[in-house]
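Written out below as structure tokens is the structure these notes cover.
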Amino acid sequence: MKVGVPREVKDDEYRVAITPAGVREMVEHGHEVLVEAGAGEGSATPDSAYESQGATVLPAAADVFGEGEMIVKVKEPQLTEIEMLRPGQLLFTYLHLAPDPEQTRGLCGSGATCIAYETVEDSHGRLPLLAPMSEIAGKIATQAGAFMLEKPLGGRGILLGGVPGVAAANVMVIGGGVVGMNAAFIAIGMEADVFVYDRSIDRLRELDVIFGGRCSTIYSTTLAIEEMLPRADLVIGAVLVHGARAPFVVRREQLALMQAGAVLVDVSIDQGGCFETSRPTTHRDPTFEVDGITHYCVTNMPGAVPITSTYALTNATLPYVMAIADRGIAEAIRSDPGLRLGVNVAGGQVTHPAVAEGVGTSCVPVEEALGANAGDARTKQPTDGRTHRASSGRANRVSSG
Ligand SMILES: NC(=O)c1ccc[n+]([C@@H]2O[C@H](COP(=O)([O-])OP(=O)(O)OC[C@H]3O[C@@H](n4cnc5c(N)ncnc54)[C@H](O)[C@@H]3O)[C@@H](O)[C@H]2O)c1
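One point on numbering: in my numbering, the residue at position 106 of the sequence shown is 107, and numbering is uninterrupted.
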């Protein structure tokens with residue numbers, strides 16, 4: 002299969018969807034990797050590093066989208082990228098469609114088969130392609146929050162860990178999944194007083210064991226959150242209902258309960274945000290204030306540390322990219338039900354129930370939607386380590402036309 006990797010064009014996004022090691026693996030499986038010139042620059046990977054492992058470097062995104070049978074990216078496609086997709090082409094990237102009807106319409110209109118990293122599940126129901134970025138975003142959330150609490154930046158002017166004789170700050174983490182656990186790890190490391198809220202008692206039990214009692218775990222209810230807000234210096238929002246728009250865990254009127262200069266970090270902003278007053282921001286302009294409370298709502302937090310993020314992401318995505326390229330999407334999802342959950346859009350229709358509910362449309366079973374494109378069920382490529390280039394003949398095309 003011809004796998005295209007364009008340069009990311011979202012603001013302040015420096016990650017790239019493949020590393021030279023990934024190129025090598027793909028090429029050894031007989032695939033052709035087409036990388037846009039400069040795609041790896043932000044992650045300190047020059048074009049020559051890709052070329053030396055067998056990739057072809059193409060000058061422009063249009064070339065990569067034009068030739069690639071599967072486009073592998075990091076962030077959701079921007080409008081200019083959606084316009085370059087074509088029927089039957091595969092797109093594999095983060096999408097976060099539930100809060101984004103416009104992108105969903107665009108992807109349906111493209112006719113491409115769009116597989117979202119964030120809804121792929123493993124055999125335990127976990128999110129293997131979201132987890133590495135959630136680990137990073139969780140760690141950044143506490144770092145960023147600590148920074149925004151500094152007085153010159155509009156914060157309360159409190160040090161997370163305090164000092165001997167002066168109390169530490171209170172950090173609330175709402176949602177104790179991968180983001181929440183990593184945010185709590187850093188906050189505990191910085192010696193703050195940490196309180197983790199979740200709706201899953203089993204998860205709270207796990208966290209209690211993991212943290213060895215070094216933070217409080219609290220069942221998340223409106224009242225429990227309201228009782229803590231007046232004492233909170235930093236609140237990190239990290240809730241997720243798989244595929245769905247994030248629920249609001251702090252409403253606008255509840256901001257009045259908080260201390261002036263307290264900080265909200267909404268990591269769930271990519272799923273629409275879990276604080277009612279959140280709106281997406283960028284690394285260049287990460288915060289805004291509502292009712293005296295600083296809001297940090299960057300949608301691509303790991304993009305700020307691409308040397309860590311690119312490798313963490315591609316370690317997780319490569320086996321899936323390989324499976325799809327080797328087998329074609331129809332066969333790959335037949336043999337991996339968790340990957341099937343990643344297909345959000347196919348044949349012009351939404352195929353993930355939570356996304357359909359989020360954007361207010363109907364949901365069509367993946368296999369039915371893929372019907373027209375099912376011809377991409379490719380015969381398996383040799384995996385015996387022999388290096389050869391995939392044929393570009395019709396039989397190997399993803400598109401059924
Ligand atoms: N902004 C960014 O750059 C960035 C980066 C990575 C991840 N994220 C986002 O962070 C969010 C969290 O991701 P994750 O990997 O930690 O998810 P996760 O599934 O591991 O954890 C989510 C947790 O939220 C809990 N939860 C759900 N509803 C709740 C509620 N009403 N109250 C309290 N807890 C609730 C769940 O029980 C679960 O433990 C997702 O929206 C993800 O897309 C954002």
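Each residue gets a CB set at the ideal place from its N, CA and C atoms; glycine is no exception.
Contacting residues, own chain, Cβ-Cβ under 6 Å from residue i (five flanking each side not counted)
i, result
"proline 7", "Glu37, Ala62, Val65"
"aspartate 404", "In the structure displayed, the chain extends from 2 to 402; residue 404 sits before or after that span and is not available."
"glycine 349", "Cys109, Gly112"
"glycine 43", "Tyr15, Pro307"
"alanine 56", "Val24, Val34, Val36"
"methionine 259", "Leu230, Ile294"
Reference residue i; option with closest CA among the options
i, options, result
"valine 299", "Val195, Arg280, Ser310", "Arg280"
"isoleucine 270", "Gly41, Val250, Gln54, Ala117", "Val250"
"histidine 32", "Gly5, Gly43, Ala370, Ala45", "Gly5"
"methionine 323", "Glu290, Glu82, Ile72", "Ile72"
"cysteine 115", "Ala357, Asp337, Val346", "Val346"
"proline 129", "Gly359, Leu340, Glu369", "Leu340"
"glutamate 119", "Gly262, Arg200, Gly244, Ala142", "Gly244"
"leucine 80", "Asp203, Ala56, Leu108", "Leu108"
"glutamate 68", "Asn171, Pro338, Ser310, Leu35", "Leu35"
"proline 100", "Ile83, Glu192, Gln272", "Gln272"
"proline 303", "Lys140, Val367, Gly126", "Lys140"
Secondary structure of residue i, DSSP reduced to three states
i, result
"isoleucine 407", "Outside the shown range of the chain, which is 2 to 402, sits residue 407, and nothing can be said about it."
"serine 269", "helix"
"glycine 386", "Bear in mind that a pLDDT of 33 at glycine 386, under 50, signals an unreliable position, so the model cannot answer this."
"aspartate 148", "Just to set this straight, residue 148 is phenylalanine in the shown sequence, not aspartate. Correct three-state label for phenylalanine 148: helix."
"leucine 319", "helix"
"valine 164", "strand"
"alanine 333", "helix"
"lysine 140", "helix"
"aspartate 209", "helix"
"glutamine 104", "helix"
"methionine 2", "coil"
"asparagine 301", "coil"
"valine 17", "coil"
"leucine 342", "coil"
"phenylalanine 249", "coil"
"cysteine 115", "strand"
"glutamate 369", "helix"
"glutamate 277", "coil"
"valine 264", "strand"
Heavy atom of ligand 1 within 6 Å of residue i beta-carbon
i, result
"asparagine 301", "yes"
"valine 264", "no"
"arginine 200", "yes"
"alanine 239", "yes"
"valine 180", "yes"
"methionine 173", "no"
"leucine 205", "no"
"leucine 131", "yes"
"aspartate 12", "no"
"valine 432", "The requested residue 432 does not occur in the structure, where the chain is confined to residues 2 to 402."
"aspartate 271", "yes"
"serine 135", "yes"
"serine 221", "yes"
"proline 338", "no"
"alanine 257", "no"
"valine 17", "no"
"alanine 188", "no"
"alanine 357", "no"
"glycine 162", "no"
Cα-Cα separation between residue i and residue j, rounded to whole angstroms
i, j, result
"glycine 176", "phenylalanine 93", "27 Å"
"valine 344", "valine 164", "50 Å"
"alanine 355", "tyrosine 95", "15 Å"
"isoleucine 334", "glutamate 136", "26 Å"
"tyrosine 15", "glycine 166", "42 Å"
"alanine 132", "valine 179", "6 Å"
"leucine 160", "lysine 11", "33 Å"
"arginine 328", "valine 28", "15 Å"
"proline 320", "proline 47", "23 Å"
"threonine 295", "threonine 288", "7 Å"
"leucine 205", "glycine 214", "11 Å"
"alanine 74", "alanine 40", "What sits at residue 74 in the sequence shown is lysine, not alanine. Each residue's Cα considered, the two are about 10 Å apart."
"glycine 158", "aspartate 194", "16 Å"
"valine 266", "alanine 142", "6 Å"
"proline 231", "tyrosine 312", "40 Å"
"serine 221", "aspartate 199", "5 Å"
"alanine 188", "lysine 3", "44 Å"
Beta-carbon proximity list for residue i, same chain, < 7 Å, skipping 5 on both sides
i, result
"alanine 375", "Below a pLDDT of 50, predicted positions are generally treated as unreliable, and alanine 375, at 48, falls in that range; the measurement from the model is reported next regardless. Counting only Cβ-Cβ distances below 7 Å, and skipping sequence neighbours, we find Ala331."
"tyrosine 51", "Pro21, Val24, Val36, Gly41, Val58"
"glycine 155", "Gly262, Glu290, Thr295"
Nonlocal neighbours in the same chain, by C-beta distance under 8 Å from residue i, ignoring five residues either side
i, result
"leucine 224", "none"
"aspartate 209", "Thr218"
"valine 351", "Leu98, Thr105, Cys109, Asn345, Ala357, Val360, Thr362, Ser363, Cys364, Val365"
"methionine 253", "Here the sequence assigns arginine to residue 253, which means methionine is not the residue at that position. Counting only Cβ-Cβ distances below 8 Å, and skipping sequence neighbours, we find Glu277, Thr278, Val291, Asp292."
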